[in-house]
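Residue numbers (UniProt numbering), protein chains in the order written: chain A, 1 to 147; chain B, 1 to 147; chain C, 1 to 147; chain D, 1 to 147; chain E, 1 to 147; chain F, 1 to 147; chain G, 1 to 147; chain H, 1 to 147; chain I, 1 to 147; chain J, 1 to 147.
Step one of this worksheet: look at the structure below.
There are 10 protein chains.
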Amino acid sequence: MPRLEVTEKIVAAKLAKGLTWEGVAKEIGPAKEWCTCALLGQMAMNADEAAKAAKIFDLTDEEAKWLTVPPYRGGLGQEVPTDALLYRFYELIQVYGPSIKALIEEQFGDGIMSAIDFSMDISKEKNPAGDRVVVVLNGKFLPYKRY
Amino acid sequence: MPRLEVTEKIVAAKLAKGLTWEGVAKEIGPAKEWCTCALLGQMAMNADEAAKAAKIFDLTDEEAKWLTVPPYRGGLGQEVPTDALLYRFYELIQVYGPSIKALIEEQFGDGIMSAIDFSMDISKEKNPAGDRVVVVLNGKFLPYKRY
Amino acid sequence: MPRLEVTEKIVAAKLAKGLTWEGVAKEIGPAKEWCTCALLGQMAMNADEAAKAAKIFDLTDEEAKWLTVPPYRGGLGQEVPTDALLYRFYELIQVYGPSIKALIEEQFGDGIMSAIDFSMDISKEKNPAGDRVVVVLNGKFLPYKRY
Amino acid sequence: MPRLEVTEKIVAAKLAKGLTWEGVAKEIGPAKEWCTCALLGQMAMNADEAAKAAKIFDLTDEEAKWLTVPPYRGGLGQEVPTDALLYRFYELIQVYGPSIKALIEEQFGDGIMSAIDFSMDISKEKNPAGDRVVVVLNGKFLPYKRY
Amino acid sequence: MPRLEVTEKIVAAKLAKGLTWEGVAKEIGPAKEWCTCALLGQMAMNADEAAKAAKIFDLTDEEAKWLTVPPYRGGLGQEVPTDALLYRFYELIQVYGPSIKALIEEQFGDGIMSAIDFSMDISKEKNPAGDRVVVVLNGKFLPYKRY
Amino acid sequence: MPRLEVTEKIVAAKLAKGLTWEGVAKEIGPAKEWCTCALLGQMAMNADEAAKAAKIFDLTDEEAKWLTVPPYRGGLGQEVPTDALLYRFYELIQVYGPSIKALIEEQFGDGIMSAIDFSMDISKEKNPAGDRVVVVLNGKFLPYKRY
Amino acid sequence: MPRLEVTEKIVAAKLAKGLTWEGVAKEIGPAKEWCTCALLGQMAMNADEAAKAAKIFDLTDEEAKWLTVPPYRGGLGQEVPTDALLYRFYELIQVYGPSIKALIEEQFGDGIMSAIDFSMDISKEKNPAGDRVVVVLNGKFLPYKRY
Amino acid sequence: MPRLEVTEKIVAAKLAKGLTWEGVAKEIGPAKEWCTCALLGQMAMNADEAAKAAKIFDLTDEEAKWLTVPPYRGGLGQEVPTDALLYRFYELIQVYGPSIKALIEEQFGDGIMSAIDFSMDISKEKNPAGDRVVVVLNGKFLPYKRY
Amino acid sequence: MPRLEVTEKIVAAKLAKGLTWEGVAKEIGPAKEWCTCALLGQMAMNADEAAKAAKIFDLTDEEAKWLTVPPYRGGLGQEVPTDALLYRFYELIQVYGPSIKALIEEQFGDGIMSAIDFSMDISKEKNPAGDRVVVVLNGKFLPYKRY
Amino acid sequence: MPRLEVTEKIVAAKLAKGLTWEGVAKEIGPAKEWCTCALLGQMAMNADEAAKAAKIFDLTDEEAKWLTVPPYRGGLGQEVPTDALLYRFYELIQVYGPSIKALIEEQFGDGIMSAIDFSMDISKEKNPAGDRVVVVLNGKFLPYKRY
């Protein structure tokens, strides 16, 4: 899969050049969450963004083109992640899943939170007892169509 | 599993009495996210909260005691949820997982966001193009211990 | 699961009374595709429709209430259906999946066909060489949000 | 698997040359749905079509021959697709599956919709509230043989 | 599942009355292979056959009706059978599968042997070195439709 | 796995030279079903047959030797085949499995049909309504030993 | 499954009456290995043995009849046993499997050790360093048929 | 995995040189069962044995060193083996598993047969009705420690 | 499974009577780790201990007898535990597994730590920064037998 | 995955140079348990430690940098380990899991033992009846947050 190789090249270049995802995102334009996602092969850039990325990571023209192709989504390569950081998010669905479902349906009715018309924000909350990770998920509510 | 039967009794009573999770949570005390989670069998109440819940849902003393037992966690009964609303959250881990990992590690270093020292908030964002679901995840960052 | 028992009661009553899904749907109101889906426990009726269904299938008040609860979706109870009729649809995703993805993305850009803002129509096409099943899937295109 | 390499070569050439599946299908002959499916390795072309495809994608004679071999079907490489676009189709089977089965059997009797004597059509329905994807599945009904 | 209970009742009655599948099939009408399959819940009888079966196995009217409903197919309840007799058939697909595919495609072209327009015959071949089981599978060839 | 590479070389040579499995089998000797199975790596040839095969497919001496090694059996590389032609055979076990078991045990007693002392024959039955595939399975009955 | 209930009744009666498998086997007739296997529902007794077993375990006539039915084999209810004693046998296949295959094929040629024409003997070998379990597997070699 | 490559080199050399596992084992020293297991990468040789093996199979010094490393055990690469010879052993656990457990516990008490302090012997039993494979498993009984 | 019901009865009685595992273990005799394990159905008590347990938990004679039967081991009912507390132990194997293996083999040679001749101790380490759980695993080293 | 290749290079170099994990850890600094874990790709070193490791194992600068990247955790590549040494630890969770959970919750309340703020120690306990492996797990207790 050529796309996978482009991702690996980006990750290796980032390590070699000592770049940060946040710094790279600022140069390319969109939010750091979206940008990292696109560079890791789960969102599709436009030609302009791909050109900027190509310059930062020394990609060839053909490699840059791959950044603009809608990807085959699913970045884990595992049903249930073994990575400790990612597993915690999976565990949250296991523990809070039925409650999330109950509360969204209570507030909005029968439907879902879109994972497409969706944005995410990750930030740090300073705390003397240990800093906290704050992740905000923001997705459009889509009611089930009746017909 | 007696605990499962208590959960089913709570869900049936809620439907029959026309209660809401939010209303119930207000009477019991803690946040609606935590409370629903406890009533659905994924958090352990203290004796006081269990007594209030017992009154609301007409539970016997023994059933109320089950609400105070640390539960066997895992509320889905499936590795990958088939429910459309819950699957969207799973899909977010598939699509955003590697980016979440990359960004948290960039901001905090090697470690995880705790799913134990953790709180969640679900709210509605009014929007003329369709209301939006906003889910805020807030967990303590835990760095890997070196020894 | 009480909901499951309601579904079984509906299916048994339909068999005993010799009803058809199409006839039932006409009495209740919505399209036969949506209505069957709701009666089999995968869509949520409003109170009015539930009342009509209760009358047709001799449901109690409490059973009727279950018809209005947003269901836990996933009607197969299997990852890959073993039923021959259903497997053919699964096989279509296996064979045509990558092409469907390629063609939708070519015509619409990066995004998905909604399974929520969605309707379906099943009809018979008369044909001397053997009648044909025609299934029309109609879902809103949702582009990936950029931010 | 040589066939897989031919597919990858076709996909890379399409990207490099800026071709569209629809344009390519027009040159080769059959419907765009069937043609894309064949180029992605899930249908077998005849020698004539393979020759045209070879010319468009700069394939060698041996590579072209692979386009005419009945493929090992199953294009996803996963039981349940993680890709968001494809998963929606899988979700439809989970949600609508039992209803599709019930309605086809009600209209046709015990049997299946063929996935072999089958055609598919994907088109865009213009809509001010957002364009819609329309997928028409058309398959011969095959009744179970009694003997 | 009521259907499952009907099957269990049939199996128990057969044991108690000392019946044979072949004898039962002769009374009901169709071939013993088809008939056993229907009684074990994988084919749908017509009302006439169901009535005969009801008489033989002392089924109620409602139980007899279940024999006429197109079943949810998949009689094993396991992906890979653990039963030694059934596993041998599964093993044949593992060992001979690619050859069966190669030879059918060589003789017939790209397509499948129908499992719907299909009949099966099981018989005994007398042999001094040990009797042999002869299973004849007979299914219509269905070529892939081109469009 | 060297054996796999030999198989791939055989398949590629067959395509390049325009050979048929039936024609190749006639030159090598055994039945086309057994021969194809051996060439695809699921049966072990003797030295003589391997030498003939080597000549037909331009194999080296070492490659020819691999044809004589008892293979690791299991030609699908999947528990449940996704290929449409092969899946139909798997579906037959799902649908007819319990009936096959019931009928063999009724005719032969407790035991199995051997998949080792076994032969298979695939032929075409001409039929104006569409040709039919006829597959004859012939295996020795092995009764369970009592001790 | 009635058979399962018969097994559970046998196990409970054995515990209540303080019987041993070996003692029971001596009364019934065949080897203790075969007999235990039959009582636990994985071999089929003849009417005579079933009658003896019925007397020992206070089975009804119908329950005794179940002991004579060829069972659906597979006594673990798990693909890989979690029980420590049974897992060790599974581990032996994982560790020694390829060697067993290599050595049997070297001594006998291409074929298998029958699990049907098969007997097993379990005994104790006294040893000052700790007694040893000796399990002897004895199965007919079946060569692959060539045709 | 370098170890895997050493194994493949050994297997290829054995085929090319026409060696037998038994002959090789005699030269190296330990029993043929243990030796084959070590050469196939599931036991660790000492330096002396590795040196002899290196000479027989033309291994380099580094390759010989790999023969002395405790291996990652699990030689099948599959949970349930598809190979017919190996599957028969797996089937024995499915059929006889509960009986083996019952009989060992009856003779020895609660504990296991060690798969570590363990030896195996494979031999041929001449028999006019067809030779028989005799596999003797000999493992120390380990009682569960009470504390 | 009668054993499961005994376990459920014990757990319910403990909750109703407000007992602790540690207190119960002191009355019965062995270490709290072993005792809890036995009461939860994963170790076998002797008759004496079972009698004491029966008195504490109001078990019948037959229920007490079940406590002395070697259990079918595997207390999770899941391959990978979803419970947060248990998953952490599973995660440790995922993260530390290869290192544990490397270090034990470096210190002891090729072999395993026995899970049978094994004891465990769980205690609390007071710590101002938050108390710590200390789990000590103590198992006999078993070297692989050479023969 | 470049990281995997770095691990393989480290393992090969260790074998070629005859190093021990303990000796290497002493040179690098942290405990042998942590150090081995980091060298096998499951912990992240700081630049200083990576430099020392690079010198010991002849790594390039880029390879050394990979040692400082937070790894994707999960070192087994299997859900359930087949390796005998590792499986014993998995078996302990299966057998002792529910008891560990019960006892930690009894002593600490509802929460978990952290696998992040965690250390491990592996040592040898001399014993005339056979040396014993002692593994000490030490993790901070984290109570579930209430909110």
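C-beta: ideal position from N, C-alpha, C; glycine also.
Of all residues in the stretch 17-47 of chain A, only THR20, TRP21, GLU22, LYS32, GLU33, THR36, CYS37, LEU40, GLN42 come within less than 7 Å of chain B when Cβ atoms are compared, listed by chain position.
Inclusion of C/VAL133 and D/LEU137 in the CB contact set at 9 Å is warranted, their separation being smaller than that value. In the three-state reduction of the DSSP assignment, E/ALA31 falls in the coil class. Chain E has no Cβ within less than 9 Å of the Cβ of H/GLN78. Under a 10 Å Cβ-count criterion, F/SER99 is classified as buried, with 16 or more other Cβ atoms of the shown protein chains found around its own Cβ.
Within the stretch 82-131 of chain C, the runs of alpha helix (DSSP H) at least 4 residues long that lie entirely inside it are, in chain order, 84-108. The stretch 17-27 of chain C makes contact with the stretch 100-109 of chain D, as at least three CB pairs between them are under 8 Å. By DSSP's assignment, B/PRO143 forms a beta bridge with B/GLY111. Here the stretch 36-48 of chain J makes contact with the stretch 83-103 of chain I; the two share three or more CB pairs at distances below 8 Å. For E/GLU5, not one C-beta of chain G is nearer than 9 Å to its own C-beta. Against chain H, a Cβ distance below 8 Å from J/LEU15 picks out GLU62, LYS65, TRP66, VAL69. Nearest to G/ARG146 by alpha-carbon distance, out of F/THR7, F/LYS14, F/CYS35, F/ALA13, is F/CYS35. For E/ASP58, no alpha helix (DSSP H) run applies, since DSSP gives it neither H nor E. For H/VAL69, the three-state secondary structure derived from DSSP is coil. The continuous stretches of alpha helix (DSSP H) do not include C/THR20, and DSSP gives it neither H nor E. Non-local C-beta neighbours of H/PRO70 in its own chain, meaning closer than 7 Å and more than five positions away in sequence, comprise ALA44, ordered along the chain. Interface residue (Cβ-Cβ distance to chain I less than 9 Å): J/ARG88 is classified as such. Pairing A/ALA38 with A/ALA51 gives a Cβ-Cβ distance that is not under 9 Å. Residue pairing for G/ASN138: DSSP places it in a beta bridge opposite G/SER119, H/VAL134. The C-beta of C/LYS17 has fewer than 16 other C-beta atoms within 10 Å across all chains shown, which makes the residue exposed. Straight across, the Cα-Cα distance linking G/ILE10 with C/ILE10 is about 39 Å.
Straight-line measurement puts the Cα of J/LEU67 at about 42 Å from the Cα of H/ILE112. By the rule that beta-carbons nearer than 9 Å mark a contact, B/ASP58 does not touch chain J. Taking C-alpha positions only, C/GLU33 is separated from B/ASN127 by approximately 31 Å.
At a C-beta separation below 7 Å, E/ASP83 has these neighbours in chain G: TYR72, ARG73, GLY74. Collapsing the DSSP output to three states places G/ALA44 in coil.
No Cβ-Cβ contact shorter than 9 Å links G/LYS101 with H/GLY130.
Against chain A, the CB of D/ALA50 has no partner CB under 9 Å away; the residue lies outside that interface. Residue state for F/GLU5 is assigned as helix, using DSSP reduced to three classes.
Around the Cβ of G/LEU4, a 10 Å sphere holds fewer than 16 other Cβ atoms; the residue is exposed.
Here J/PHE118 has LEU137, ASN138, GLY139, LYS140 as same chain residues with Cβ atoms under 8 Å from its own Cβ, once five neighbours each way along the sequence are excluded. Contact check for A/ALA53 against A/THR60 fails: the beta carbons are separated by 9 Å or more. CA-CA distance, F/MET120 to F/VAL135, rounds to 7 Å. In the three-state scheme derived from DSSP, where H, G and I count as helix and E and B as strand, C/GLU79 is classed as coil. In terms of CA proximity to E/ASP83, F/TYR144 leads the group F/LEU15, F/PRO2, F/LYS14, F/TYR144.
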